[in-house]
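First residue of the sequence shown? That's 1 in the UniProt record's numbering, and the numbers climb one at a time after it. Where a beta carbon is used, it is the ideal one built from N, C-alpha and C, also for glycine.
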Amino acid sequence: MSTETATFAGGCFWCMVQPFEEQAGIQKVLSGYTGGTVANPTYEQVKSHTTGHTEAVKIWFDPSVISYAQLVELYWQQTDPTDAGGQFQDRGDNYRPVIFVNSAAQEATAQASKRALQEREQFDDPIVTKIQVVQPFYPAEERHQEFYKKNPARMAEQEAGGREDFIAQNWSAS
Numbered sequence: 001m002s003t004e005t006a007t008f009a010g011g012c013f014w015c016m017v018q019p020f021e022e023q024a025g026i027q028k029v030l031s032g033y034t035g036g037t038v039a040n041p042t043y044e045q046v047k048s049h050t051t052g053h054t055e056a057v058k059i060w061f062d063p064s065v066i067s068y069a070q071l072v073e074l075y076w077q078q079t080d081p082t083d084a085g086g087q088f089q090d091r092g093d094n095y096r097p098v099i100f101v102n103s104a105a106q107e108a109t110a111q112a113s114k115r116a117l118q119e120r121e122q123f124d125d126p127i128v129t130k131i132q133v134v135q136p137f138y139p140a141e142e143r144h145q146e147f148y149k150k151n152p153a154r155m156a157e158q159e160a161g162g163r164e165d166f167i168a169q170n171w172s173a174s
């Protein structure tokens, strides 16, 4: 079995795990922090906006079962690609939307997907999600891993903060 990785930031990492984890070909999804300047940051440091990190998920996948292009399409459908200031009720640079690419092929796929999304004119505002080269990824504390399984009531509160409605309204026909 072949394994590749993908790294996506789309707001609260709690909300980004389940949609990917439920797909065939996904071997592992890990919540963590990337894009900042401090090694091994803690949740408290990241949410203080002093490290430059964003919450993200790192995904290990089998490209013979699910392609990187399919993962990027699923990523778009979990986010508001027009909001650079965070996602839904989660505001700030630590919730910014970013596709972190780890190869020229991933970058080409992500850029083509972003162009296609812009050309569909699905949104009134421009697509502002960044595409950047992957940076060191630091796993989040254990309490943040598979949060949706461990804390279903908290997840329901999180999703009620606008994410679920936005996804239903903007992505249900995708």
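{"Query": "Residue from Q27, V101 and E44 with nearest C-alpha to A9", "Result": "V101"}
{"Query": "Residue range of the alpha helix (DSSP H) that includes D6", "Result": "Note on residue identity: the sequence assigns Ala, not Asp, to residue 6. First-last for A6: E4 to A9, but that is the beta strand (DSSP E), not the alpha helix (DSSP H)."}
{"Query": "Inter-residue Cα distance where the pair is E164 and T82", "Result": "16 Å"}
{"Query": "CB-CB length for E4 against F61, believed under 8 Å", "Result": "6 Å"}
{"Query": "Proximity below 8 Å, CB of A56 to CB of F166", "Result": "no"}
{"Query": "Unbroken stretches of the beta strand (DSSP E), 3 residues or longer, contained in the segment 69-140", "Result": "98-101, 130-133 and 137-139"}
{"Query": "A6 classed as buried or exposed, judged by whether at least 16 other C-beta atoms fall within 10 angstroms", "Result": "buried"}
{"Query": "Helix, strand or coil at A39 [DSSP, three-state]", "Result": "coil"}
{"Query": "Cβ contact check for the segment 128-144 and the segment 40-47: 3 or more pairs under 8 Å", "Result": "yes"}
{"Query": "Contact under 8 Å by Cβ, F147 with V17", "Result": "yes"}
{"Query": "V29 - containing beta strand (DSSP E), residue span", "Result": "I26 to T34"}
{"Query": "Same chain, Cβ closer than 8 Å to P19, five either side skipped, listed in chain order", "Result": "L74, Q77 and Q78"}
{"Query": "Same chain, Cβ closer than 8 Å to G52, five either side skipped, listed in chain order", "Result": "G35, G36, T37, V38 and D93"}
{"Query": "Three-state class that DSSP yields for E55 in the structure shown", "Result": "strand"}
{"Query": "Same chain, Cβ closer than 7 Å to L117, five either side skipped, listed in chain order", "Result": "W76, P81 and I127"}
{"Query": "8 Å Cβ cutoff met for Q145 and I131", "Result": "no"}
{"Query": "Continuous alpha helix (DSSP H) stretch holding M16: start and end", "Result": "F13 to E21"}
{"Query": "Distance, C12 Cα to T86 Cα", "Result": "It is worth fixing the name first, because residue 86 is Gly in this sequence and not Thr. So the alpha carbons of these two residues sit roughly 9 Å apart."}
{"Query": "Other residues of its chain near A69: CB distance less than 6 Å, five sequence neighbours each side excluded", "Result": "T109"}
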